[in-house]
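Data first, discussion second: the structure below is written as structure tokens.
There are 2 protein chains.
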Amino acid sequence: MQETYSISELGKEFGITTRAIRFYEDKELLSPTRQGGRRIYSRADRTRLKLLLRGKRLGWPLEEIKSVLNMYDAGDGELDQLQYTAKKIEQRRQQLLRQKQDINAALADLDRIQNRCVSHMATLNSCNDNHSSQNHQSQKETSS
Amino acid sequence: MQETYSISELGKEFGITTRAIRFYEDKELLSPTRQGGRRIYSRADRTRLKLLLRGKRLGWPLEEIKSVLNMYDAGDGELDQLQYTAKKIEQRRQQLLRQKQDINAALADLDRIQNRCVSHMATLNSCNDNHSSQNHQSQKETSS
DNA sequence: ATTGACGTTTACGTAAACGTCAATGCTTGT
DNA sequence: ACAAGCATTGACGTTTACGTAAACGTCAAT
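Note that the protein sequences, when read in sequence, are chains A and B. The first sequence begins at -4 in my numbering and counts up one residue at a time. The second sequence begins at -4 in my numbering and counts up one residue at a time.
Below is the structure:
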């Protein structure tokens, strides 16, 4: 585990371009130190980028991601600021729970579609026999 | 429950503009019937729009949403087409499960941040007493 | 007959999130 | 000394997902 990273190292590790990383800095989501112009990313910067990309996978716009990232750094501060942060945390939690419901609904739909799909393939196979059996596991876990 | 809907009815119901709905049609995500130029949306069209918006809340681009919507209509068809659909269903399932993991991780992070936040507010309150107690329930359910 | 309320198409504008050069700088091996 | 490789900052282009008019049709009510 390294102490610091170059911009291209992070780009390779996370599969994004250096242009994207610089863009995130431009939008004030990252603020690496410099060594004569060159950007030096600490492990905290790396973590921030990791969280940023998680937000992206959840479909959040960069401005939202920025405000969430700022929550991580809002450990201390004035009471007003803390209460404001607490309120935003609750809002974010609500959004996440709604997204979770959407995902569960989408997974249920996929199950239904897959069943229809598989059963129709079965009818096709019963007419025209002797095919290689495919790999169909319909996982039914609720949690995780 | 109505049989058909106008474009503005759907817009109001789902809180989107008619411009957006027409745009979705332009991108071939919807295809309502016409009555002398006017668009008439069936209940199936309404459901399609509902699914579309769910995809949007999950952060999917319209092109992805379109391909998912097409899965719903791919009940019958050739074997090749069914196998292709089955493959796409699995890919979509994988993405949903990864999104679910991201959400769980984000929820866990929010718990940590909230705890830090609340405890720091407590230290502030212990110095300057006599404040109204806030409403903090940290739900710990894993499923749903 | 006219006025709204609703609908239509066409066209241009815009914000977000980068991609793609171009011109330049540092620095490291030969 | 000099090229190779990685870095920098602009500047402009692109795609997505609509917003915002403009100009017009239609139908019901006054």
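Each residue gets a CB set at the ideal place from its N, CA and C atoms; glycine is no exception. All of these numbers come straight from a predicted model, not from anything done at the bench.
Closest by C-alpha distance to residue 42 (chain A), when choosing among A:121, A:64 and A:104: Residue mapping note: residue 42 (chain A) aligns to position 47 of the first sequence, counting from 1. By alpha-carbon distance to residue 42 (chain A), the top candidate from A:121, A:64 and A:104 is A:64.
Residues of its chain near residue 5 (chain B), where Cβ-Cβ distance is below 7 angstroms and the 5 sequence neighbours each way are ignored: Within the second sequence, residue 5 (chain B) is the residue found at index 10, counting from 1. 16, 36, 41 and 44.
Separation of residue 62 (chain B) from residue 73 (chain B), as counted between CA atoms: Walking along the second sequence from the start, residue 73 (chain B) turns up at place 78. Walking along the second sequence from the start, residue 62 (chain B) turns up at place 67. Between residue 73 (chain B) and residue 62 (chain B), the C-alpha separation is close to 17 angstroms.
Residue 70 (chain B), buried or exposed, once every other Cβ within 10 Å from all chains shown has been counted against 16: Counting from 1 along the second sequence, the entry for residue 70 (chain B) is found at position 75. That one is exposed.
Supposed contact pair residue 84 (chain A) and residue 102 (chain B) - C-beta distance, whole angstroms, cut 8 angstroms: As a working note, residue 102 (chain B) is residue 107 in the second sequence. As a working note, residue 84 (chain A) is residue 89 in the first sequence. The Cβ separation is near 11 angstroms, so there is no contact.
Beta-carbon spacing of residue 111 (chain B), residue 97 (chain A) below 8 angstroms: Taking the first residue of the second sequence as 1, we reach residue 111 (chain B) at position 116. Taking the first residue of the first sequence as 1, we reach residue 97 (chain A) at position 102. No. Outside cutoff.
Neighbour-count burial assignment, residue 100 (chain B), 16 or more Cβ in a 10 Å radius: Taking the first residue of the second sequence as position 1, residue 100 (chain B) is located at position 105. The residue is exposed, with fewer than 16 neighbouring Cβ atoms inside 10 Å.
CB of residue 79 (chain B) within 8 angstroms of CB of residue 47 (chain B), strictly: Working through the second sequence from its first residue, we reach residue 79 (chain B) at position 84. Working through the second sequence from its first residue, we reach residue 47 (chain B) at position 52. Against a cut-off of 8 angstroms, the Cβ pair of residue 47 (chain B) and residue 79 (chain B) comes out as no contact.
Residue 34 (chain A) to residue 87 (chain A) span [Cα, whole Å]: Your numbering for residue 34 (chain A) matches position 39 in the first sequence. Your numbering for residue 87 (chain A) matches position 92 in the first sequence. Rounded to whole angstroms, residue 34 (chain A) to residue 87 (chain A) spans 31 angstroms at the Cα level.
Cβ of residue 112 (chain B) within 8 angstroms of any chain A Cβ: Taking the first residue of the second sequence as position 1, residue 112 (chain B) is located at position 117. Residue 112 (chain B) counts as touching chain A.
Residues of its chain near residue 28 (chain B), where Cβ-Cβ distance is below 6 angstroms and the 5 sequence neighbours each way are ignored: Here residue 28 (chain B) corresponds to residue number 33 of the second sequence, with the count starting at 1. The residues are 35.
Residue range of the unbroken beta strand (DSSP E) whose run includes residue 13 (chain B): If you number the second sequence from 1, residue 13 (chain B) lands on position 18. From DSSP, residue 13 (chain B) is part of no beta strand (DSSP E) but of the alpha helix (DSSP H) over 13 to 21.
Min CB distance residue 98 (chain A) to chain B below 8 angstroms: As a position in the first sequence, residue 98 (chain A) is number 103, starting the count at 1. By this cut-off, residue 98 (chain A) is an interface position.
Any C-beta of chain B under 8 angstroms from that of residue -4 (chain A): As a first step, residue -4 (chain A) is located in the first sequence; it is residue number 1 there, counting from the start. Chain B contact via Cβ: absent.
Nearest-angstrom beta carbon gap, residue 94 (chain B) and residue 53 (chain B) [assumed within contact, 8 angstroms]: Here residue 53 (chain B) refers to the residue found at position 58 when the second sequence is read from its first residue. Here residue 94 (chain B) refers to the residue found at position 99 when the second sequence is read from its first residue. So it is a contact: roughly 7 angstroms between Cβ atoms.
Host beta strand (DSSP E) of residue 30 (chain B) (start-end): Within the second sequence, residue 30 (chain B) is the residue found at index 35, counting from 1. Unbroken beta strand (DSSP E) run through residue 30 (chain B): 28 to 30.
Residue 8 (chain B) to residue 51 (chain A) span [Cα, whole Å]: Position 13 of the second sequence holds residue 8 (chain B). Position 56 of the first sequence holds residue 51 (chain A). Distance between the alpha carbons of residue 8 (chain B) and residue 51 (chain A): 28 angstroms.
Contact residues within the region 74 to 89 of chain A, judged by C-beta distance below 9 angstroms to chain B: 74, 77, 78, 80, 81, 84, 85, 87 and 88
Rounded straight-line distance, which links the Cα of residue 14 (chain A) to that of residue 21 (chain A): As a first step, residue 21 (chain A) must be located in the first sequence, where it is residue number 26. As a first step, residue 14 (chain A) must be located in the first sequence, where it is residue number 19. Using only the alpha carbons, I get a separation of about 10 angstroms.
Beta-carbon proximity of residue 109 (chain A) to residue 81 (chain B), cut-off 8 angstroms: Walking along the first sequence from the start, residue 109 (chain A) turns up at place 114. Walking along the second sequence from the start, residue 81 (chain B) turns up at place 86. Cβ atoms of residue 109 (chain A) and residue 81 (chain B): closer than 8 angstroms.
Cα-Cα separation, residue -4 (chain B) to residue 68 (chain A): Your numbering for residue -4 (chain B) matches position 1 in the second sequence. Your numbering for residue 68 (chain A) matches position 73 in the first sequence. Their backbone Cα atoms lie some 49 angstroms apart in a straight line.
Those residues which DSSP pairs with residue 33 (chain A) across a bridge: Position 38 of the first sequence, counted from the first residue, corresponds to residue 33 (chain A). Residue 33 (chain A) is bridged to A:30.
Cβ-Cβ distance between residue 2 (chain B) and residue 24 (chain B) below 8 angstroms: If you number the second sequence from 1, residue 2 (chain B) lands on position 7. If you number the second sequence from 1, residue 24 (chain B) lands on position 29. 8 angstroms or more divides the Cβ of residue 2 (chain B) from the Cβ of residue 24 (chain B).
Where residue 67 (chain A) meets chain B, residues with beta-carbon distance less than 7 angstroms: Within the first sequence, numbered from 1, the residue matching residue 67 (chain A) stands at position 72. Within chain B, the residues near residue 67 (chain A) are 108.
Where residue 71 (chain A) meets chain B, residues with beta-carbon distance less than 8 angstroms: As a working note, residue 71 (chain A) is residue 76 in the first sequence. Residues of chain B passing the Cβ test: 115.
Unbroken alpha helix (DSSP H) run spanning residue 62 (chain B), endpoints: If you number the second sequence from 1, residue 62 (chain B) lands on position 67. Segment 57 to 67, the alpha helix (DSSP H) holding residue 62 (chain B).
Listed by chain order, chain A residues near residue 103 (chain B) by CB distance under 8 angstroms: Taking the first residue of the second sequence as position 1, residue 103 (chain B) is located at position 108. Going along chain A, no residue has its Cβ under 8 angstroms from residue 103 (chain B), so there is no contact; the nearest lies around 10 angstroms.
Residues of its chain near residue 26 (chain B), where Cβ-Cβ distance is below 6 angstroms and the 5 sequence neighbours each way are ignored: As a working note, residue 26 (chain B) is residue 31 in the second sequence. Nothing meets the Cβ criterion.
Cut-off 7 angstroms between Cβ atoms - residues of its own chain near residue 0 (chain A), not counting five sequence neighbours on either side: Residue 0 (chain A) sits at position 5 when you count from the first residue of the first sequence. Contacts found: 36 and 41.
Residue 47 (chain A) at chain B interface by Cβ criterion, 8 angstroms: Translated into positions along the first sequence, residue 47 (chain A) becomes position 52. No, no contact with chain B.
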